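Under the working numbering, the letters of the sequence shown match residues 10 to 451, in that order.
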Amino acid sequence: MTTTAESHPPFFLRGNYAPVADEVTADALTVRGTIPPELRGRFVRNGPNPAHGVSPHWFLGDGMLHGVELDAGQVHWYRNRYVRTKSLAGEGPYVDDQGHVDLTVGPANTHVVGHAGRILALVESSLPYEMTVELDTVGWYDFDGRLTTAMTAHPKIDPATGELHFFGYAFTAPYLTYHVADRDGTLVRSEAITVPGPTMIHDFNLTEHHVVFMDLPVVFDLDLAMQGTMPYRWDDDYGARLGVMPRGGTDADVRWVDIEPCYVFHPMNAYESEGGIVLDVVRYSRLWDRSGDVFDPARLTRWTVDADAGTVKEEQLDDRATEFPRVDPRLVGRPYRYGYAVETVDGLGDEHMTLVKYDLETGRSQIHDFGPGREPGEPVFVPAGSGAEDRGWVMTYVYDAGRDTSDFVILAAGDFTAEAVATVPLPQRVPFGFHGSWIPDE
Ligand SMILES: [Fe+2]
10 MTTTAESHPP FFLRGNYAPV ADEVTADALT VRGTIPPELR GRFVRNGPNP
60 AHGVSPHWFL GDGMLHGVEL DAGQVHWYRN RYVRTKSLAG EGPYVDDQGH
110 VDLTVGPANT HVVGHAGRIL ALVESSLPYE MTVELDTVGW YDFDGRLTTA
160 MTAHPKIDPA TGELHFFGYA FTAPYLTYHV ADRDGTLVRS EAITVPGPTM
210 IHDFNLTEHH VVFMDLPVVF DLDLAMQGTM PYRWDDDYGA RLGVMPRGGT
260 DADVRWVDIE PCYVFHPMNA YESEGGIVLD VVRYSRLWDR SGDVFDPARL
310 TRWTVDADAG TVKEEQLDDR ATEFPRVDPR LVGRPYRYGY AVETVDGLGD
360 EHMTLVKYDL ETGRSQIHDF GPGREPGEPV FVPAGSGAED RGWVMTYVYD
410 AGRDTSDFVI LAAGDFTAEA VATVPLPQRV PFGFHGSWIP DE
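The structure is reproduced here in structure tokens:
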């Protein structure tokens with residue numbers, strides 16, 4: 010799968026990767042099955058939806074949220090809304106002639122998270138955009154002027170402290186900056202982290218007492234930047250390393266450990282164990298090397314990091330190709346048993362996808378296959394309260410190629426292979442996108 014065909018549109022502009030034309034609001038939706046009545050809130054997912062129908066790269070389309078609001082066993086609404094960014098309005102540029110970056114300009118297309126009463130639409134190149142519960146755009150958000158870098162699309166909420174841990178990266182120094190907002194959403198820490206050069210840092214790892222940065226060999230490339238596409242490419246000479254920092258530490262406390270060059274967009278989870286810090290990640294052997302803008306299959310891999318010894322043990326946990334890993338939000342950074350991901354046979358852009366539930370304790374896994382032509386997106390786990398770790402639900406959008414539309418689907422996480430608990434046919438398709446969240450009522 011490549012994005013370089015001249016006469017043929019690239020994969021991200023075809024089929025269910027293609028954008029939808031309209032912003033729709035629908036409130037009379039039928040439900041097959043039963044919406045669990047204790048679910049009160051909304052499932053919201055972000056993804057690229059290039060407003061003019063074209064985009065130089067899958068990662069660069071204008072952000073659009075698709076949401077479904079649930080209350081007392083009913084579906085209040087489905088709606089999709091652009092994140093009304095400066096980019097969407099044609100304002101900019103992101104970088105001017107002097108190399109000055111305007112962090113308020115960006116597509117806000119990658120993730121949407123709730124923290125401290127705010128809903129933030131995120132892309133890693135820019136500041137967040139604040140959204141309302143009805144998916145309207147409030148505007149760009151810089152933590153009351155305190156955030157002076159871009160913000161990753163993958164911040165992590167510590168389940169014990171309620172803090173929001175995140176970072177921003179840049180193609181000028183400081184290349185990497187770590188940030189913490191407290192449970193009330195006040196930005197209380199920003200710490201520049203020294204890395205050798207500007208790399209694409211999509212996500213990071215949080216444990217109870219540490220953060221672990223991934224400095225991997227997909228580096229900034231000015232020529233690609235001048236072409237207006239994703240300005241990063243593989244570099245055989247950059248090396249690859251993990252940086253372990255105590256959560257209260259500084260740049261000087263980071264211990265860097267070399268690893269085999271690879272790329273990781275997404276960890277599934279991380280935690281501390283007697284053998285070291287465990288990082289479960291979706292690992293690509295290479296990314297965006299000479300073969301072009303290709304996503305080869307990626308596999309769930311466990312790194313066990315002994316920062317004192319300076320070693321990392323690497324073991325592949327599954328032969329299947331997967332992406333979009335998620336866990337129980339109550340166990341972020343803590344030992345966990347279950348993880349959920351999308352299985353892709355030939356890498357992203359594959360024709361058929363299923364959901365996989367990993368049991369990391371037994372090493373077993375289960376597949377939920379929605380059937381021929383029915384393709385799920387990222388599985389978001391929503392806990393049902395106390396009890397077993399997998400007592401809860403898995404939510405996603407499922408594209409139905411036969412009907413050329415999508416369903417909102419709720420699975421029982423503890424009965425993963427069973428028929429869906431609820432299926433809600435939507436009035437239009439939801440293009441394949443990136444990440445989402447369950448944002449409960451306050
Ligand atoms: Fe991501």
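Each residue gets a CB set at the ideal place from its N, CA and C atoms; glycine is no exception.
Please read all numbers here as calculations on a predicted model, not as lab measurements.
I'd like to know whether the C-beta atoms of residue i and residue j end up nearer to each other than 9 Å.
i: valine 189; j: glycine 206; result: no
i: arginine 54; j: histidine 444; result: yes
i: lysine 452; j: aspartate 328; result: Outside the displayed range of the chain (10 to 451) lies residue 452, so it cannot be described from this structure.
i: isoleucine 286; j: valine 221; result: yes
i: glutamine 2; j: threonine 310; result: What is shown of the chain runs 10 to 451, which leaves residue 2 out entirely.
i: alanine 249; j: phenylalanine 180; result: no
i: tyrosine 184; j: valine 433; result: no
i: valine 121; j: leucine 74; result: yes
i: threonine 161; j: glutamate 200; result: no
i: leucine 435; j: alanine 35; result: yes
i: histidine 367; j: alanine 350; result: Looking at the sequence provided, one finds tyrosine at residue 367 rather than histidine. In this structure, alanine 350 lies closer than 9 Å to tyrosine 367 by Cβ.
i: valine 29; j: valine 84; result: no
i: valine 77; j: phenylalanine 52; result: yes
i: proline 168; j: glycine 401; result: no
i: valine 266; j: threonine 208; result: no
What three-state label does DSSP hand residue i in the structure shown?
i: alanine 14; result: For alanine 14, the predicted structure reports a pLDDT of 41, less than 50, and the residue's modelled location is therefore unreliable. A value from the coordinates is still provided. If DSSP states are grouped into helix, strand and coil, alanine 14 belongs with coil.
i: methionine 235; result: helix
i: alanine 431; result: strand
i: leucine 38; result: coil
i: tryptophan 243; result: strand
i: arginine 93; result: coil
i: proline 207; result: coil
i: aspartate 262; result: helix
i: asparagine 25; result: helix
i: leucine 225; result: coil
i: phenylalanine 20; result: helix
i: leucine 185; result: strand
i: aspartate 424; result: helix
i: tryptophan 312; result: strand
i: leucine 452; result: The displayed coordinates of the chain run from 10 to 451. Any statement about residue 452 would go beyond what the structure contains.
i: glycine 364; result: Sequence check: residue 364 is leucine here, not glycine. Correct three-state label for leucine 364: strand.
i: tryptophan 297; result: coil
i: proline 338; result: helix
i: phenylalanine 176; result: strand
i: phenylalanine 390; result: strand
i: phenylalanine 68; result: helix
i: histidine 219; result: strand
Is it buried or exposed, residue i, if we count other Cβ atoms within 10 angstroms and call 16 or more buried?
i: valine 63; result: exposed
i: glutamate 143; result: exposed
i: aspartate 450; result: exposed
i: aspartate 153; result: exposed
i: histidine 17; result: exposed
i: alanine 431; result: buried
i: proline 102; result: exposed
i: arginine 155; result: exposed
i: histidine 109; result: exposed
i: histidine 61; result: exposed
i: glycine 386; result: buried
i: arginine 242; result: buried
i: aspartate 302; result: buried
i: leucine 215; result: buried
i: arginine 90; result: buried
i: threonine 13; result: Below a pLDDT of 50, predicted positions are generally treated as unreliable, and threonine 13, at 45, falls in that range; no measurement from the model is reported.
Give a single yes or no on whether residue i has its beta carbon closer than 8 Å to a heavy atom of ligand 1.
i: histidine 211; result: yes
i: threonine 353; result: no
i: alanine 35; result: no
i: histidine 174; result: no
i: threonine 119; result: yes
i: alanine 162; result: yes
i: phenylalanine 180; result: no
i: phenylalanine 443; result: yes
i: phenylalanine 21; result: no
i: histidine 218; result: no
i: phenylalanine 52; result: no
i: histidine 275; result: yes
Would residue i count as contacting chain D if we go by Cβ distances under 9 Å?
i: threonine 186; result: Any reference to chain D falls outside this structure, which holds one protein chain only.
Under the criterion of a Cβ to heavy atom distance below 8 Å, does residue i qualify as lining ligand 3?
i: glutamine 375; result: Although ligand 3 was asked about, the structure shown includes only ligand 1 as ligands.
Subject >> Touching by the beta-carbon criterion (3+ pairs, under 8 Å), the segment 92-105 and the segment 138-149 >> reply: yes
Original post:
With contact counted as at least three CB pairs below 8 Å, one residue from each stretch, are the segment 116-125 and the segment 59-74 in contact?
Top reply: yes
Original post:
Are the segment 256-266 and the segment 281-299 touching by the rule of at least three beta carbon pairs closer than 8 Å?
Top reply: no
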